[in-house]
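Asks:
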Amino acid sequence: MDPSRVMEHLMEVEVAAEDVLADKQQIVDLDTRRNRNREAMNALRNSASQNETVKVCFGTMFIKFPKENAKSMIQKDQEQLDQEINDIRKRLKAKVNHLNDLQGKPELRGYNLSPLSSDELKAINGILKR
13 MDPSRVMEHL
23 MEVEVAAEDV
33 LADKQQIVDL
43 DTRRNRNREA
53 MNALRNSASQ
63 NETVKVCFGT
73 MFIKFPKENA
83 KSMIQKDQEQ
93 LDQEINDIRK
103 RLKAKVNHLN
113 DLQGKPELRG
123 YNLSPLSSDE
133 LKAINGILKR
């Protein structure tokens, strides 16, 4: 084989591997944010304070917000984070398969599985209870 072609192929594999690692790190970062939001929601739910306002941190400053507005903002952020994580995971499957293809490895078996939706799970439980 031509050395320049080998080098080009190795570079292509390296770029694909870096892309996969970057997506995995992005999932970890988004999941960390999601866990912080979960902690904040629990703190708001369990607060013994009867105050209708809470302090919310935006960057480097704290702002007073009505408790219900803070809850809805955190909930919207949670939904957005869930959607972003799911989108990245879907793209990641294709990227891993592309990387395996470049490396000459077989496609991962069982990797294209996806969990049942809540509607599908309810339908199955309904059928099983009969």
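Sequential numbering of the sequence shown, starting at 13, is according to our numbering. Each residue gets a CB set at the ideal place from its N, CA and C atoms; glycine is no exception. Small disclaimer: the values here were computed from a predicted structure and weren't measured.
(1) For the alpha helix (DSSP H) holding lysine 141, just list the boundary residues, first then last.
(2) Residue range of the alpha helix (DSSP H) that proline 78 falls in?
(3) Buried or exposed for leucine 133, please, with buried defined as at least 16 other CB atoms from any protein chain shown within 10 angstroms of its CB.
(4) Does alanine 82 pass the burial test, meaning 16 or more other C-beta atoms within 10 Å, or should it be called exposed?
(5) Output the residue ranges of the alpha helix (DSSP H) runs that lie fully inside the region 40–108 and measure 4 residues or longer, sorted by chain position.
(6) Below 7 Å between beta carbons: does that hold for lysine 67 and lysine 76?
(7) Isoleucine 139 and isoleucine 100 look like a contact to me (Cβ under 8 Å); what is the Cβ gap, rounded to whole Å?
(8) Buried or exposed for alanine 55, please, with buried defined as at least 16 other CB atoms from any protein chain shown within 10 angstroms of its CB.
Replies: In this structure, then:
(1) From DSSP, lysine 141 is part of no alpha helix (DSSP H); its letter is neither H nor E.
(2) For proline 78, there is no enclosing alpha helix (DSSP H); the residue is found in the beta strand (DSSP E) stretching over 73–78.
(3) Exposed.
(4) In the assembly as shown, alanine 82 is a buried residue. Its beta-carbon has 16 or more other beta-carbons within 10 Å.
(5) None, since the region 40–108 contains no complete alpha helix (DSSP H) of that length.
(6) Yes, the Cβ-Cβ distance between lysine 67 and lysine 76 is below 7 Å.
(7) About 33 Å separates the two Cβ atoms, so there is no contact after all.
(8) So alanine 55 counts as exposed.
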